[in-house]
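The structure appears below as C-alpha cells.
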Amino acid sequence: MATYALRRIIQAIPILFGISILIFLIVQLAPGSPIDRFRNPRVSPEQLAAINRLYGLDRPLFEQYIHWITAYVQIWRVDAWGYSFIDGQPVLTKVGNRLPATLLLMSVSLIVTIVVSIPIGILAAIRQYSLTDKIITTFATIGYAIPSFLLGIYILYFGAVVLYGWTGFGFPLFGRQTLGGDGNPADLAYHLVLPVLSLSVQTIAGFSRYLRAAMLDVMRQDYVRTARAKGASGRRVVGRHALRNALIPLITLIGLSIPSLIAGAVITETIFSYPGIGDLTITAIIGNDYPTIYATAMLVGIFVIMGNLIADILYGVVDPRIKY
Amino acid sequence: MQSADLRTTPGTIPLPTDYDEVDLVPVRTYWQLVRQRFLRHRLAVIALVTLSILIAIAIVIPTLTGDQYQKSNLALIDGGPRLAAPLGYDDIGRNVFLRLVKATQTSLIIGFAAVAIIAGIGALVGSLAGYFGGWVDNLLMRVVDVVLSLPYLFLILLIVAFFGIRDIRVIVIAIGIAGWTTAARLVRGEFLQLREMDFVAAAKALGAGPRRIIVRHMLPGAMAPLVVASSLGVADAIIGESALSFLGFGIAPPQVSLGQMLQGYRDYFYSNPELIFYPGVVLIVIVLCASFLGDGLRDALDPRQRVES
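Taken in order, these protein sequences are the chains called A and B. Numbering-wise (the numbering used here), the first sequence opens with residue 1 and increments by one. Numbering-wise (the numbering used here), the second sequence opens with residue 1001 and increments by one.
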C-alpha cells in the first residue's frame, strides 16, 4: 500500500512538470509580451531593453523556464511567485488571501453534492422505471446539460431579484460577506447559498446519475440476492449490502470532479463577485498580470493532480479487492 | 436428411427442410442498419430535426437581413414585440430576434469548426499512439494527461487570454487545442483492438506501409467513436465559447454570440429580465440536442448492436 502510494506520487511529478511546460509554452508562443504594458511613446527603446533584461526576458527560453520553476517551488520565500503587475503585491500573498474563500466554496459544494445526490441516486435505482425515477433521471439529464454560467445567472436572478420581489427577502447579489463584515459564520453562509447552489447543480446531476447506475449494478449482484434470500429487510439490503459497495467508486468520482469544480468556481466567482482564486485569475487575465496568471494556472494543475492522487490512494484503502 | 434427424432430437429447434417456405430476411447493408437503429431512437430523431431547423434558420435569416442585427434604432429602445421583431428591442434599440439568430449562427459555426479541429487532432494522435504503441503511445498519452490536468474552460481561457485577440479563429483554435483529448483516447482504444485483427496483419503482409494501413484500413473502423465524440464535442465547444464570451474573453462586439448576449444583457436584470432567457434557452436547446444526437449515434453506429424487427 505504502509503496503504491509512493509510486503514484512519483508518477505525478512528471505530469506536474508537463503542466508547467504547457503553461510556459502557451505564454511564450502567444503574441505579446509581459513588457507590452510599458510601451508608450515616452519610453525609449533602451529603457524597454533594460526592462526586458530586468525581467530576464532576454535569456534563452530554457533558462527562463528553469529560473521560473525553481523560484516557483520555493514557497517559503514571499517572492517565490513574483510580484503582481497590477498592484505590486507578492503573488503568493494575493493567492494566500484568496485561497480560503475558494476552498470554502468548493468544499461546501462538494458536501452538499454528496448529501443530496446519494439519496436521489438510491431512490432512482430502487424504484427503477417508476415515475420518481423518470423525474429524477430527466432532471439529472437537464441539470447536467445546462452550462454552469447560465445556471449561475438564473440562480442569481431568481435567488436575489425575484425572491426579493416576492417576499422582501433575498440573497446577496455579490461578495463573500457584508461590506466591512468581520467574517461571522452566519453572514458567510448567507453569502454562500447562491454560489454553492450554482456550483452544485451540475455535480449533483452527474453524481446522482452515476450512483443510480452503480446501485442498479450492485443490486443485481449475487450477494445482494443472498441477502434478500436470508430475509434481510429491504432497508437493510439497500443500506448495508448494496449502498456500501455502490459508494466505493464515489471516491474516484469526487477526485474526477475537481477539475469541473475549479472551472465552475471560476465562473461562479465571476458571476457572484466572490473573491476567490477564480475571480483573481479573471482579474489577472484582464490586467495582463502574467505572474499571477502563471501562479493560479499552476495552482489549478496542482489541485487537479492532488485530487486524482488522493482519490486513487483512498480507493485502494476503501476497497479491499484492490491489490497492488 | 440431417435436418430430419435434428428435428427428432428433443430440445432443438426444428430446421426447415424446404427453404422456399422460409421468409428470406432481406440483406441489409451497414448503413441501412444504422439508419434503422437511429430512427428507433426517438429523442435523437427529435434532436436531429430540431437542430436542422435551427441551422436552417441560422443560415437563412442572417443572409436575408445582413447586418441589421447591429443596427440600433433609438426610437425603439425597449420597444415591444412586433412582426419585424418578435422578441422586441433591447436597451439600445437593437432587434433582439435578429441578434439572437445571428448569435446562434456564430455559436454553431464555432461549435462545428472547433469539432473539426478536435476530430482531426484526436484522430491523428489517437491513431499514432494506438498503431505504434510503445514509447510513442506512452509519450502521447502523457501529453493527454497533462492537457486533461487543466480544466477545459480554464485552458481555453489561458490560450485566448495570451493570444489577446478576440477573434473567431483564435477562439476556435483554443477550443480545439483544449478539447481533443477525449477523441484521441477513444481512437487510440479502438486502434489497440484493431491492431490485433487479421485484416491488419493481411495488409501488412501485402506490403502496405503504416500510413496506408492507418488511413485506409484502420481509421474507418475507428470512425464510430470519433463521430460520437465529435457530436458531444459540438456541445462542449459551444458551451466553451459561450462561457468564454460570458467572461468577456470571447467574441467582441459588434459581432455577437449567445454567451456574449448573456453577458451584455445581465445588467438589465431588473428592467428587462426576459433578455437573459432568450439566449439561454437557445443554448440549452442546442446543447441538449447535440447530446441526444450523440447518444443516438452511439447506439446506431455500433455494429455489435442488433436490430430486432
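Every residue gets a Cβ at the ideal spot worked out from N, C-alpha and C, and that includes glycine. Keep in mind that this is a model prediction, so the values were computed, not measured.
Under three-state DSSP, which class holds residue i?
{"i": "R1082(B)", "result": "strand"}
{"i": "S1149(B)", "result": "helix"}
{"i": "R1094(B)", "result": "strand"}
{"i": "Y83(A)", "result": "strand"}
{"i": "S1072(B)", "result": "strand"}
{"i": "P275(A)", "result": "coil"}
{"i": "P249(A)", "result": "helix"}
{"i": "P34(A)", "result": "helix"}
{"i": "P90(A)", "result": "strand"}
{"i": "Y1089(B)", "result": "strand"}
{"i": "I1239(B)", "result": "helix"}
Verify the CB distance criterion: does residue i have a CB-CB separation below 8 angstroms to chain A?
{"i": "I1284(B)", "result": "yes"}
{"i": "S1242(B)", "result": "yes"}
{"i": "G1280(B)", "result": "yes"}
{"i": "P1273(B)", "result": "yes"}
{"i": "V1287(B)", "result": "yes"}
{"i": "I1173(B)", "result": "no"}
{"i": "G1296(B)", "result": "no"}
{"i": "S1107(B)", "result": "no"}
Can a CB atom of chain B be found closer than 8 angstroms to the CB of residue i?
{"i": "I313(A)", "result": "no"}
{"i": "V27(A)", "result": "yes"}
{"i": "V266(A)", "result": "yes"}
{"i": "V224(A)", "result": "no"}
{"i": "I285(A)", "result": "yes"}
{"i": "T270(A)", "result": "yes"}
{"i": "P34(A)", "result": "no"}
Note down the Cα distance separating residue i from residue j, rounded to an integer number of angstroms.
{"i": "C1289(B)", "j": "F38(A)", "result": "48 angstroms"}
{"i": "R326(A)", "j": "S233(A)", "result": "Outside the shown range of chain A, which is 1 to 324, sits residue 326(A), and nothing can be said about it."}
{"i": "A1178(B)", "j": "A1222(B)", "result": "22 angstroms"}
{"i": "I1284(B)", "j": "Y294(A)", "result": "33 angstroms"}
{"i": "G152(A)", "j": "D187(A)", "result": "20 angstroms"}
{"i": "M1261(B)", "j": "Q1070(B)", "result": "12 angstroms"}
{"i": "F1292(B)", "j": "D1299(B)", "result": "11 angstroms"}
{"i": "G307(A)", "j": "I1168(B)", "result": "34 angstroms"}
{"i": "Q221(A)", "j": "V238(A)", "result": "12 angstroms"}
{"i": "M1197(B)", "j": "A1047(B)", "result": "36 angstroms"}
{"i": "L1157(B)", "j": "T1029(B)", "result": "45 angstroms"}
{"i": "M106(A)", "j": "I1055(B)", "result": "38 angstroms"}
{"i": "G1207(B)", "j": "L1192(B)", "result": "20 angstroms"}
{"i": "A1224(B)", "j": "F1038(B)", "result": "13 angstroms"}
{"i": "I86(A)", "j": "I118(A)", "result": "44 angstroms"}
{"i": "G1209(B)", "j": "W1180(B)", "result": "26 angstroms"}
{"i": "A30(A)", "j": "F1163(B)", "result": "5 angstroms"}
{"i": "I26(A)", "j": "L1150(B)", "result": "13 angstroms"}
{"i": "P34(A)", "j": "G56(A)", "result": "11 angstroms"}
For residue i, go through chain B and note every residue whose CB falls closer than 7 angstroms to its CB, in chain order.
{"i": "V300(A)", "result": "L1150, P1151 and F1154"}
{"i": "S260(A)", "result": "P1151"}
{"i": "I146(A)", "result": "I1284"}
{"i": "A295(A)", "result": "Near A295(A) there are no residues of chain B at all, since even the closest Cβ is about 13 angstroms away, more than 7 angstroms."}
{"i": "L194(A)", "result": "Ordered by position in chain B, no residue passes the 7 angstroms Cβ test against L194(A), which lies about 14 angstroms from the chain."}
Given a threshold of 16 other Cβ atoms within 10 Å of its Cβ, counted over all protein chains shown, does residue i qualify as buried or as exposed?
{"i": "V196(A)", "result": "buried"}
{"i": "L61(A)", "result": "exposed"}
{"i": "T102(A)", "result": "buried"}
{"i": "D289(A)", "result": "buried"}
{"i": "V1027(B)", "result": "exposed"}
{"i": "E269(A)", "result": "buried"}
{"i": "V1187(B)", "result": "buried"}
{"i": "L1006(B)", "result": "The predicted position of L1006(B) is uncertain, since its pLDDT is 47 and thus under 50; a value taken from the coordinates is nonetheless stated next. Flag for L1006(B) reads exposed."}
{"i": "G1041(B)", "result": "First, the amino acid is wrong: residue 1041(B) is His here, not Gly. Classification for H1041(B): buried."}
{"i": "H191(A)", "result": "buried"}
{"i": "L1083(B)", "result": "exposed"}
{"i": "K94(A)", "result": "buried"}
{"i": "I1213(B)", "result": "buried"}
{"i": "S130(A)", "result": "exposed"}
{"i": "E1241(B)", "result": "buried"}
Residues of chain A with a CB under 8 angstroms from the CB of residue i: which are they?
{"i": "D1145(B)", "result": "I15 and G18"}
Below 9 angstroms on C-beta distance, what does residue i contact in chain B?
{"i": "Y154(A)", "result": "I1276, F1277 and G1280"}
{"i": "V304(A)", "result": "L1148, S1149, L1150 and P1151"}
{"i": "P31(A)", "result": "F1162, F1163, G1164 and I1165"}
{"i": "L243(A)", "result": "Correct list: empty, because the minimum Cβ distance to chain B is about 28 angstroms."}
Using a Cβ cut-off of 7 angstroms, pull out every chain E residue sitting near residue i, in sequence order please.
{"i": "F1269(B)", "result": "In summary, chain E is missing from the structure at hand, where the protein chains are A and B."}
Along chain A, which residues have their Cβ under 7 angstroms away from the Cβ of residue i?
{"i": "G1179(B)", "result": "The contacting residues do not exist; G1179(B) stays about 13 angstroms from chain A at best."}
Name, please, each residue of chain B whose Cβ falls closer than 8 angstroms to the Cβ of residue i.
{"i": "A263(A)", "result": "P1151, Y1152, L1153 and F1154"}
{"i": "L256(A)", "result": "What L256(A) touches in chain B: nothing, since even the nearest Cβ is about 10 angstroms away."}
{"i": "L22(A)", "result": "V1146, V1147 and L1150"}
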